[in-house]
Structures are given as structure tokens and as C-alpha cells.
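Using the numbering used here, the first residue of the sequence shown is number 123, and each one after it goes up by one.
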Amino acid sequence: MGETRSFTGDFKRFFGRGLGILLPSIVTLWLLFQAFIFVFNNVAEPINRGIRGGVIRVIPMVFDETEMPSWFVVTEDQVSRRAGRRAAEGLAEMSRDAIRREIRVQQFRTEWSKHWYLDGLGIIVAIILIYLAGLLLGNYLGRQIYTRVEALIARIPGFKQVYPHVKQFVDLIFGEKASMKAFSEVVMVEYPRNGLWSLGFVTGHTFQQVRETAGEDTVSVFIPTSPTPMTGFVINAQRKDTVKLDISIDQALRFIITAGVLTPEHDAAPAAEPQGSSRLLKAQKAAERAIEESSGKD
């Protein structure tokens, strides 16, 4: 007899299937949206405020009194009403010029909001400034100036305890040094005990005392945790005890974030094996070939 199907069972099955299909996309879009909101509020909007302030200062230099934009014009009646409202609310007294500037800023912000595309100016300006900073600091003179300024900043109490570690992390991700290549190497190590294999990223050669204690070539390996690969453990392993995997760092991160659900998509090459298991497998294959050759001769 076939399995009896019920509405409840079908609903659970199809609901779980739909959730599995839609949830990754929804979560990804939500994270991207939150990242955009953060960048807009903390980077783009301050730049936009600066642009609006600059425009307000430039307008009187460009236009005559009779040609001023409507949002720039503030009447005496508006100033009087605002001053009376502030007095009724018990706020501190402001000069009429200050009140006029405040009204002008609000009017310009209202006019600005009518054109949604203007909000993108802050992000565009930020991208241009970052590009120009990289261009100017990339030459010899720029690097010398930046190095001196950085050395002065790094001496500030409180700042110097945090800045070097943040700089190392940023250089590791965005820098042009060889450490980035080492970080991109995906390896497999027996951790936390023999027989349990964990994915890790080689971050470079460990420090001298560890190498001297181990007596061999030793590397630092970052073992990320699931499903948040930003956290994890750093271990020191002998190079011979690591097995390099022929997969990209993105594939390894997908495997870790999904707790092993999403495996590398391209498995053309066989997965790397522990050195001991590899030697045992080769010996078995050699023995099988010898038996086959012997049988053929008989």
C-alpha cells in the first residue's frame, strides 16, 4: 500500500521546501539592505549635509537677489513666526540671522528630498574620495607622508592600543601583500583531535619561538566556526600535517556558513586525503595491480 498523504504532511513538506528555497535569498537581501542603510546613514548622509551646506554658501555668490531659488528666500514673516514659536516652547533665544539660516536649511532639505537621486551624491563623492586617496597615497611621496602621519596617530593613548590590530586586519583583507595569498589557501588539519578533520585558512608562518619549539616548518592556521566564520581559533600546525585543498576560499566559506550543507560545486579533482590514508590507498592499488598481472601471466 502506498503512503497515506494528508494535508498537514503536504503542508509541512512544501512549506519547508519553499522556506529552504526563499530564505537564503531573503536573508541575503536583508543583509545587503542593512549594509546599505548603514553606509548611507554614516557615510553618504554626512557628505550630503556638507554638500547642502556648501550650496547654501555658494548661492549668494552666483545669483542676484532677484534670481534666488525659491527655497533660499526666507521672509521676515517666517522669521517672526519661528521666533514666536521658539519663545512659546521655552527654547533658547536665537538671533534673527540664525533663525533665517535654520529655516533656509530646512527648506533646502525639503527641496532636496523631492529629487530622490540627489541622495546618491554622498555615495558617489565617497567613492571618488576613496579613489583619490588611494591614487595620491600610492606614489612614493604620498606613502612617505602617510607613514609619518600614521606614526603620529599611533602614539595617541587609547588609539594606539586599537589601531595596529585594525590595520593588520584591513591589510590582510584589502592589502596587496603576500599575506593575502597565504590567507586564500584552504587547508585541512586534524583538529581538535586526531581523526577529526577541520577546514582552515593558512594566515602565514608562525612566530620564531613556535617554529623553534616545533623544530619544523610551522604555519598559523585560522579555524573558522559555523555559521559565523568571522570568529574561530588560531592554531599552529606543522606544514606536513596540513593538507592543501584544491578549492577556492569562497567555496570553503560557503561550506562553513551552511554547516556543511553546501559543498564545493566543482569536484573535478578528488578531495585531498590525509597523508597516511593516501599512502595506504596507493599501497592497496599497487597490490591489486600486482595480483592482476600475476593472474594474467598464469
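From the three backbone atoms N, C-alpha and C, an ideal C-beta is built for every residue, glycine too.
| Check | Outcome |
| --- | --- |
| Tell me the start and end of each unbroken alpha helix (DSSP H) in the stretch 135 to 202 that is at least 4 residues and wholly inside, in chain order. | 167 to 184 |
| Please work out which residues of its chain come closer than 8 Å, Cβ to Cβ, to Val288, disregarding the five sequence neighbours upstream and downstream, and give them in chain order. | none |
| Could you spell out the range, first to last residue, of the beta strand (DSSP E) harbouring Ser320? | 319 to 327 |
| Would the beta-carbon of Val196 fall within 8 Å of that of Arg174? | no |
| CB-CB under 6 Å to Thr347, same chain, minus the five flanking residues each way: which ones, in chain order? | Thr353, Gly354 |
| With DSSP collapsed to three states, give me the class of Val332. | helix |
| Could you spell out where the alpha helix (DSSP H) holding Val271 opens and where it closes? | 262 to 275 |
| Taking only three categories from DSSP, how would you classify Val383? | coil |
| Tell me the rounded alpha-carbon separation between Pro314 and Trp152. | 35 Å |
| Compare the Cα-Cα distances from Ile249 to each of Val271, Val161, Glu338, Leu154 and report the closest residue. | Val161 |
| For Glu224, which residues of its own chain have a beta-carbon under 8 Å away from its beta-carbon, when the five flanking residues on both sides are left out? | Arg204, Met216 |
| How would you write the range of the alpha helix (DSSP H) that Glu504 sits in, first residue to last? | Residue 504 is absent from the model: the chain starts at 123 and stops at 420. |
| According to DSSP, is Ser348 part of a helix, a strand, or is it coil? | coil |
| Taking just the CA atoms, how far does Phe158 sit from Ile169? | 15 Å |
| Give the straight-line distance between the Cα atoms of His388 and Gln373, rounded to the nearest whole angstrom. | Per-residue confidence for His388 stands at a pLDDT of 48, beneath the threshold of 50, marking its modelled position as unreliable; no derived number is given. |
| In the DSSP assignment, find the unbroken beta strand (DSSP E) run with Gly244 in it and report its ends. | Run containing Gly244: none in the beta strand (DSSP E); it sits in the alpha helix (DSSP H), 243 to 259. |
| Can you say whether Val332 is buried or exposed, counting buried as having 16 or more other CB atoms within 10 angstroms of its CB? | exposed |
| Sort Gln330, Leu367, Ala273, Pro349 by Cα distance to Trp319 and report the nearest one. | Leu367 |
| DSSP puts Thr340 in a beta bridge; with which residues? | Gln360 |
| Does DSSP put Gly206 in a helix, a strand or coil? | helix |
| Touch check for the stretch 182 to 197 and the stretch 227 to 246: three-plus C-beta pairs under 8 Å? | yes |
| Around the C-beta of Leu104, are 16 or more other C-beta atoms found within 10 angstroms, so that it is buried, or is it exposed? | This structure cannot speak to residue 104, because the chain is shown only from 123 to 420. |
| What residue does the alpha helix (DSSP H) around Ile225 start on, and which one ends it? | 218 to 235 |
| Would Gly244 be called buried (16 or more neighbouring beta carbons within 10 Å of its own) or exposed? | buried |
| Return the chain-ordered list of same chain residues with a C-beta closer than 6 Å to the C-beta of Glu338, the five sequence neighbours on each side being excluded. | Gln360 |
| Ordered along the chain, which non-local residues of its own chain (more than five positions away) have a Cβ less than 6 Å from that of Pro386? | Ile369, Gln373 |
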